[in-house]
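Novice: Just so we're aligned: the sequence shown equals residues 158 to 377 in our numbering. Questions regarding the structure given below will be posed in turn.
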Amino acid sequence: MDKKFAIFDMDGTLVDSMGYWNRLADEYLARFGLPGLSPALKEESIALTMLESAQLFIREFGLPGTPEQIAGEINALMEEHYRADVPLKPGAAELLARLKAAGVKMCVASSTHPALIDLCLRRLEVRDHFEFLLSCEEVGEGKNKPTVYLEAARRLGSTPENTVIFEDILVAAQTAKQAGFSLGVIYDVNSDTEQEQLKVLADCWFTRWDDTALFTWLGL
């Protein structure tokens, strides 16, 4: 592969955090004595920004406060995990170092708040591999639309044709692929039911960042 630019998702892709996120909405709603999200609402919320998720909570549960206030409260719950115990996925640090040594310019495009992305990646000592961090919140649309990927490519000075995107969930992978990017998909247990579809969609599907098949595909 001759791609010189790479865009990484964070949660479930670079870091093993999806279990925390999957419990977060239920943790927050429990503060109001509410039940957790139904399977349908969980599916709807997967590709949403935090503000869009807050709007969903207001719509479905009549929560008090503004979307901005609710998003801030949810972010505060997750911040402690990013600050203390969310780990990198196996092999991620080595892969990032090898890509940087090969001259690949990289960034992160995530649904997570920019300050939380920065906090987590600095603690894990991989922040300096990335040119910048971009959040769906900054572009105003979730990963069910290609806006965040196209803006990331623009800031990198790249185009979809010479850029690879790394993701772990189906809706984001479909969006990236439809926008013309090469697609690498890493397995995450939290999207286990999507794996057969992801294998078909991906240009390279792998289980760990130190997978030989991935290094071969990237030419490392």
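Where a beta carbon is used, it is the ideal one built from N, C-alpha and C, also for glycine. This structure is a prediction, so every number in the text was calculated from the model and none was measured.
1) Based on the DSSP secondary-structure assignment, which residues constitute the bridge partners of Ile343?
2) By the three-class DSSP mapping on this structure, what secondary structure does Thr350 have?
3) Pick out the complete alpha helix (DSSP H) segments inside the region 169-223, 4 residues or longer, and give them in chain order.
4) Around the C-beta of Thr369, are 16 or more other C-beta atoms found within 10 angstroms, so that it is buried, or is it exposed?
5) Measuring CB to CB, does Asp325 end up less than 8 Å from Thr170?
6) In the DSSP assignment, find the unbroken alpha helix (DSSP H) run with Ala333 in it and report its ends.
7) Quick check on Lys262: does DSSP put it in helix, strand or coil?
8) Measure the alpha-carbon distance for Asp367 versus Glu251 and round it to whole angstroms.
9) Taking Cβ to Cβ, would you say Tyr344 is nearer than 8 Å to Gln331?
10) Can the beta-carbon of Gly337 be found less than 8 Å from the beta-carbon of Asp360?
11) Using a 10 Å radius around the Cβ and a threshold of 16 neighbouring Cβ atoms, would you call Thr269 buried or exposed?
12) In whole angstroms, what separates the C-alpha of Ala187 from that of Gly193?
13) Excluding sequence positions up to five away, which residues of its chain have a Cβ less than 8 Å from the Cβ of Lys262?
14) Could you say if the region 253-261 and the region 271-287 meet the contact criterion of at least three C-beta pairs nearer than 8 Å?
Specialist: Looking at the coordinates:
1) For the purposes of this step, residue 343 is taken as the residue at position 186 of the sequence shown. Bridge partners of Ile343: Phe363.
2) The count along the sequence shown starts at 1 and reaches residue 350 at position 193. The answer is helix: DSSP assigns Thr350 an H, G or I state.
3) For the region 169-223, the continuous alpha helix (DSSP H) assignments of 4+ residues that do not extend past its boundaries occur at 175-187, 196-202, 207-218, in sequence order.
4) The residue labelled residue 369 in the question sits at position 212 within the sequence shown. Of the other Cβ atoms in all chains shown, fewer than 16 fall within 10 Å of the Cβ of Thr369; this residue is therefore exposed.
5) Taking the first residue of the sequence shown as 1, we reach residue 325 at position 168. Taking the first residue of the sequence shown as 1, we reach residue 170 at position 13. Annotated as proximal: Asp325 and Thr170, with beta-carbon spacing under 8 Å.
6) Taking the first residue of the sequence shown as position 1, residue 333 is located at position 176. Per DSSP, Ala333 belongs to the alpha helix (DSSP H) from 327-335.
7) Taking the sequence shown and counting its residues from 1, one reaches residue 262 at position 105. Strand, per DSSP.
8) As a first step, residue 367 is located in the sequence shown; it is residue number 210 there, counting from the start. As a first step, residue 251 is located in the sequence shown; it is residue number 94 there, counting from the start. Their backbone Cα atoms lie some 7 Å apart in a straight line.
9) In the sequence shown, the residue the question calls residue 344 occupies position 187. In the sequence shown, the residue the question calls residue 331 occupies position 174. With contacts defined by Cβ atoms closer than 8 Å, Tyr344 and Gln331 do not form a contacting pair.
10) In the sequence shown, counting from the first residue as 1, residue 337 sits at position 180. In the sequence shown, counting from the first residue as 1, residue 360 sits at position 203. Inclusion of Gly337 and Asp360 in the CB contact set at 8 Å is not warranted, their separation being larger than that value.
11) Counting from one through the sequence shown, the residue named residue 269 turns up at place 112. By the 10 Å Cβ count, Thr269 comes out buried.
12) One-based indexing of the sequence shown puts residue 187 at position 30. One-based indexing of the sequence shown puts residue 193 at position 36. Each residue's Cα considered, the two are about 7 Å apart.
13) Counting from one through the sequence shown, the residue named residue 262 turns up at place 105. These residues qualify, in order along the chain: Lys161, Phe162, Ala163, Glu288, Leu313, Gly314, Ser315.
14) Yes, the region 253-261 is in contact with the region 271-287.
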